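Protein chains in written order, with numbering that gives the first Met the number 0: chain Y, 0 to 332; chain R, 0 to 332; chain B, 0 to 332; chain F, 0 to 332.
Quick reminder that beta carbons are idealized off the backbone N, C-alpha and C, glycines included.
Keep in mind the model is a prediction, meaning the values are calculated, not measured.
Number of protein chains: 4
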Amino acid sequence: MRGNHFGKMFSFMSFGESHGPAMGVVIDGLPAGLDVDLAQLQLELDKRRPGRITGTTNRNELDQAVVLSGVYAGKSLGSPIAVTIQNTNQKSSDYDQLKTEVRAGHADQTTLDKFGVRDHRGGGRASGRETVARVIAGYFASLIIPQIKVKAFTSHLGPFTYNGIPEKPHTDFGDYGFPEVAKSEEIKKYLENLKADGESIGGAVTVVIDHCPKGLGEPAFDKLKADLAKAIMSIGAVVGFSFGSGIDFLSLKGSEVSADKSHFGGIEGGITNGERIVLTVYFKPTSTVGEKAKAGRHDPCIIPRAIPVVEAMTKVVLADHLLRQRAYGDGNK
Amino acid sequence: MRGNHFGKMFSFMSFGESHGPAMGVVIDGLPAGLDVDLAQLQLELDKRRPGRITGTTNRNELDQAVVLSGVYAGKSLGSPIAVTIQNTNQKSSDYDQLKTEVRAGHADQTTLDKFGVRDHRGGGRASGRETVARVIAGYFASLIIPQIKVKAFTSHLGPFTYNGIPEKPHTDFGDYGFPEVAKSEEIKKYLENLKADGESIGGAVTVVIDHCPKGLGEPAFDKLKADLAKAIMSIGAVVGFSFGSGIDFLSLKGSEVSADKSHFGGIEGGITNGERIVLTVYFKPTSTVGEKAKAGRHDPCIIPRAIPVVEAMTKVVLADHLLRQRAYGDGNK
Amino acid sequence: MRGNHFGKMFSFMSFGESHGPAMGVVIDGLPAGLDVDLAQLQLELDKRRPGRITGTTNRNELDQAVVLSGVYAGKSLGSPIAVTIQNTNQKSSDYDQLKTEVRAGHADQTTLDKFGVRDHRGGGRASGRETVARVIAGYFASLIIPQIKVKAFTSHLGPFTYNGIPEKPHTDFGDYGFPEVAKSEEIKKYLENLKADGESIGGAVTVVIDHCPKGLGEPAFDKLKADLAKAIMSIGAVVGFSFGSGIDFLSLKGSEVSADKSHFGGIEGGITNGERIVLTVYFKPTSTVGEKAKAGRHDPCIIPRAIPVVEAMTKVVLADHLLRQRAYGDGNK
Amino acid sequence: MRGNHFGKMFSFMSFGESHGPAMGVVIDGLPAGLDVDLAQLQLELDKRRPGRITGTTNRNELDQAVVLSGVYAGKSLGSPIAVTIQNTNQKSSDYDQLKTEVRAGHADQTTLDKFGVRDHRGGGRASGRETVARVIAGYFASLIIPQIKVKAFTSHLGPFTYNGIPEKPHTDFGDYGFPEVAKSEEIKKYLENLKADGESIGGAVTVVIDHCPKGLGEPAFDKLKADLAKAIMSIGAVVGFSFGSGIDFLSLKGSEVSADKSHFGGIEGGITNGERIVLTVYFKPTSTVGEKAKAGRHDPCIIPRAIPVVEAMTKVVLADHLLRQRAYGDGNK
């Protein structure tokens, strides 16, 4: 109710302030008897870790996942899976000046207005660090939907734009997730310059979902598009969401749309039709700019690190809806 | 869980297939003792009624709301408010051919895939008629947030585009909700021609929310932007959602954003900051095209009728979050 | 959240004040494609109807269920099932004196304290009439669990006590649900005398559940015993709940209990073990006594009419847990 | 949905198997700005710790609560409060024989049936150790309801029975929670003998709630009595629940009940009436008997250690309903 709980059949609660002792997540709803591979979980976490990619923040946090419950002898037990990650890099002195300062575009002022109290040492719950919980949940969600392939890639980052869907979307596009991998060096330079200027940039991410079964999503309020929107719009820097032809629908006529079902992006009437699902996610520029952005450990563009988070939230929604559909089993009668 | 329930503190369940006996809604969470004005409720319903606006469907349904519970002597009782609307215009013969036909872009095939059974006489739960429940819920939500002004207007409809926010957004913009009211006749002609051609079009709606208190929305998953996205993306023809500068963030640098707080559209860190909230909602063209669209009772553009639905879902989310915030009352300590 | 919603996977929202236009329920979570027999639904409703049984209230309400949605051509559609029942017997003049009066043991004063407003014409939401919604939900729940047999019988009613479980519990025990059917006439006389004296009495009901699959119920908070307790304790006049040997455990030693598994009443660690489930439900005397009870249309003992309500709430919980377990499907790996 | 989440406005998720790395809880819904006293939390935990009381298990676990989030500088932040407790006393060798053994009355077999997999080293989620999460949640709940006094005492334990309510219920009744404190030594001897015999016993606990405001609880399904029943029946060894005169209602006539409002135990129509609330909770004998009970670290009677758990679950429900009522604020108009 306070907003730290997500999902229905596959659900989780996240916790942790960026400068408290630890971040973490408790997952409720993973079926028992599934193989859990902690090395794979760690790989997923590493993708969003700051300091990995040049051009992104140079904080070198060791996001080591510790599983406290729900897994025994490599199998899920059907009980809640609690995972914590210590906040090892709490250089609180970096943040001392923030005691009286509130940062535009951050949640500093709104947190204070809402709660009347705030851990001034950092973003608290509003910190991007909160997303480790999502990535962990996404890993466990993926165990429920092994047949579904979810891939997010950078489709817009400053001057770099990729239109359409790559022929082989489910491959590694390198540090910046941009399908023209050859441009990675160019993007790196662009981001380094941006940082040197104390500047930041937004962009867009495209999500491709393949092999999703038909029938996921519910009529009325829990349409798959609505639940995906909620999941993805709940990520800090996300400012827009669309599916299928999205904003391009503005310039399409009904006859054009009817002629090519792919405009619907795999979702009709809120329910999957068995075809490829395509989502677009829009990000604002990161809020820290100016001298602080040059000196500090801040990302000039959040997209490279946001990609695994977007993928994770997508998986979480698909797993939830798969369990829901399995419960009712209507189609099987 | 099946997806027909929406909201937490202010919640409602909707029901009804387009060609069954009745549509309806049960609202749970309206505080007791509020003045209920059924004439006002009817006015809201009339706005989305088919057949009202030239250029939209000519079905002349009489959407007469009947309140079955929860209101006594003009006051809310604090108990569930059930409202039904008869489906008086069930010309099932119109739909007989649909027994074996599935319509692209509608939920016909996906409904069948999902449930294995379908009321072939119409869209069933996926019909636009389901939105009467949302409009009713929106009216009752508005009783909780009398100080907040919510207004949606047409910002993009075929060749008609309105940039920015009108100086006086909370006024009546006529049948098409387009702020340049003088263009209404032109829009009417455009839609009539579209219909004559058996064609359809999508567009965009902008929502302006004024006088919203600070502190609504929760960190993590129930950010206000996420809950608004879910609410609005759950409307049938909606394909995209953004807030603040939305997709324009793609071409903005961090320094530009920081210099003008209005880019954030009233929401920082997922929580309202007390300033004007601005949302953009994208619609696909209606799916019925060709001969059927010419002859039948179908809208060439859903936007004029969708506007009250978008406003209703917005109010529902704001009322829900206001009650949530009131429960915790953190700021008041 | 306001308390009128029950269940998770099989869920429903009830509505209606006793003296408003109608009572009703909306059920969300019935799988599609199940055969719906409205005559059977009506039979279930008739069991709890006042005026049927001598010795209970002589109000002759015609509780005619009207299905507004979710069923087409005798099959469930997977969409919400809305059912209403008109309040045809609103003799409000009977209740005029209640405008300023509050009745002990009723919710009159607490409703007023809580909501600050009340429909003085009757019990409103607190009326026993609210239970029609439960009986309707129970019928639809039974479609999900056709193999499970649920039967409640009168085990204590004034001087009449039945110990143990009848050999054939799933048979009709007549108007008073007492397994020694031969005593029905005696019970009838007892209740008539009670009513003539303006007196009332409580009692106990025993519920027998046979053929329940293993594995229903969840560890921790949603143990089957806990969810059954919540469901049944939410019925108006119920004041106590136990399962298995219940209060007899007070005089049993661990060695005796271990020697006979039937003491556990089919539930171990909160989860069904595949054996017979036995519940006991305790009722207080109905609250209306004295002259009013003699003259009015009041039950001297609620148990005969409560039996179908207890059975309904039991079925609802079992159906909910069956769907939940089916979703995770752990045991099937 | 999997059952490890409890509550609505004040909610929490618990996790941990008895022989995994740690137990814990994440609480969502504590308002911000409340004073948190970790020493007081530890005191509450110590009450349910095994090994404290002679006559109960001699395991000497150090249940040291570690707060990972949600508290800063002695104040609640309004964010989730995560608390873990290490399982320091994992003598798994004690449990090796259990690999192939299932214990009657424990959840061993039902867990295996349900999940198809089990951590054989102990009770897993079904272990009494799970209740540390409840006690922690209860402590934080108490911060929301400082004016309400909740006290549970032993009213039945083998041959020891206490009828009625002590004059000063909110005092310390010693190790066995029995209001005739002078009998503590006698109870101790009784339990020591029981253990020496490899025997166990059940009993009853009475809960007294004073200074509870009027108006808590909701009509229909979330009646306070129903939510209390669910909360308390979800505790492992609890087999029955009643409120007010409970099972004594069986021998009371309506006229007697009406003459003395205290029979209703502070709850009318499911809503608090501002008077003392009285609950009774029934426990079965602990399941481990025979040689194992003599030698092992098992309680001959769970009641002394269950008392703080019963109190905690009661507080959790009251806090939840207080926040719910505050949200709607009906009475205040």
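Contact with chain R by residue i, beta-carbon distance below 8 Å
| i | result |
| --- | --- |
| G122(F) | no |
| F5(B) | no |
| E217(Y) | yes |
| E274(Y) | no |
CB contact below 8 Å: residue i versus chain B
| i | result |
| --- | --- |
| Y71(R) | yes |
Neighbour list for residue i in chain R, Cβ cutoff strictly below 7 Å
| i | result |
| --- | --- |
| K229(B) | Per Cβ cutoff of 7 Å: no residues; K229(B) is ~17 Å from chain R at best. |
| M8(F) | A326 |
Collapsed DSSP secondary structure at residue i in the structure displayed
| i | result |
| --- | --- |
| S257(F) | helix |
| H155(B) | strand |
| Q146(Y) | coil |
| H18(Y) | coil |
| H262(R) | helix |
| S183(B) | helix |
| Q63(R) | coil |
| D112(R) | helix |
| H4(Y) | strand |
| A311(B) | helix |
| A31(F) | coil |
| A326(B) | helix |
| I84(B) | strand |
| E166(Y) | coil |
| V207(R) | strand |
| G359(F) | Residue 359(F) cannot be examined here, being either before or after the span of chain F that is shown, 0 to 332. |
| F139(B) | helix |
Spatially closest choice to residue i from the options, by CA coordinates
| i | options | result |
| --- | --- | --- |
| I302(B) | F9(B), G265(B), T279(B), H119(B) | T279(B) |
| G10(R) | A294(R), R117(R), D196(R), S78(R) | The sequence shown places Ser at residue 10(R), not Gly. Comparing Cα-Cα distances from S10(R) to each of A294(R), R117(R), D196(R), S78(R), the minimum goes to S78(R). |
| V134(Y) | T285(Y), G23(Y), P284(Y) | G23(Y) |
| D329(B) | R304(Y), T109(Y), H210(Y), G32(Y) | G32(Y) |
| N272(Y) | F282(Y), K260(Y), K283(Y) | K260(Y) |
| F172(F) | Y138(F), N192(F), E191(F), K150(F) | K150(F) |
Beta carbon proximity, residue i to chain F, threshold 8 Å
| i | result |
| --- | --- |
| E16(Y) | yes |
| D107(Y) | no |
| G77(R) | yes |
Chain-ordered chain B contacts of residue i [CB-CB under 7 Å]
| i | result |
| --- | --- |
| A203(F) | L249 |
Residue-level contact to chain Y via CB, residue i, 8 Å cutoff
| i | result |
| --- | --- |
| G137(R) | no |
| G371(R) | In the structure displayed, chain R extends from 0 to 332; residue 371(R) sits before or after that span and is not available. |
| P307(F) | no |
Cross-chain neighbours of residue i in chain F, by beta carbon under 8 Å
| i | result |
| --- | --- |
| K222(B) | G2, M232, S233 |
Beta bridge counterpart(s) of residue i as assigned by DSSP
| i | result |
| --- | --- |
| G202(F) | L156(F), F282(F) |
| Y71(B) | K74(B) |
| E267(F) | I270(F) |
| S233(R) | Bridge partners of S233(R): none, in fact. |
| K252(R) | I200(Y) |
| F177(Y) | The partner list for F177(Y) (beta bridge, DSSP) is empty, contrary to what the question assumes. |
Proximal residues of chain F, C-beta to C-beta of residue i below 7 Å
| i | result |
| --- | --- |
| I246(B) | G239, I246, Y281 |
Closer than 8 Å at the beta carbon, the chain Y residues around residue i
| i | result |
| --- | --- |
| G243(R) | V238, K283 |
| A21(F) | L67, S68, A81 |
Chain-ordered chain R contacts of residue i [CB-CB under 8 Å]
| i | result |
| --- | --- |
| L322(F) | A326, Y327 |
Where residue i meets chain Y, residues with beta-carbon distance less than 7 Å
| i | result |
| --- | --- |
| V288(R) | G253, S254, S257 |
| A225(R) | K229, M232, S233 |
Cβ-heavy atom distance, residue i to the ligand HEM, below 7 Å
| i | result |
| --- | --- |
| G201(B) | Looking for the ligand HEM in the displayed structure turns up nothing, as the structure carries no ligands at all. |
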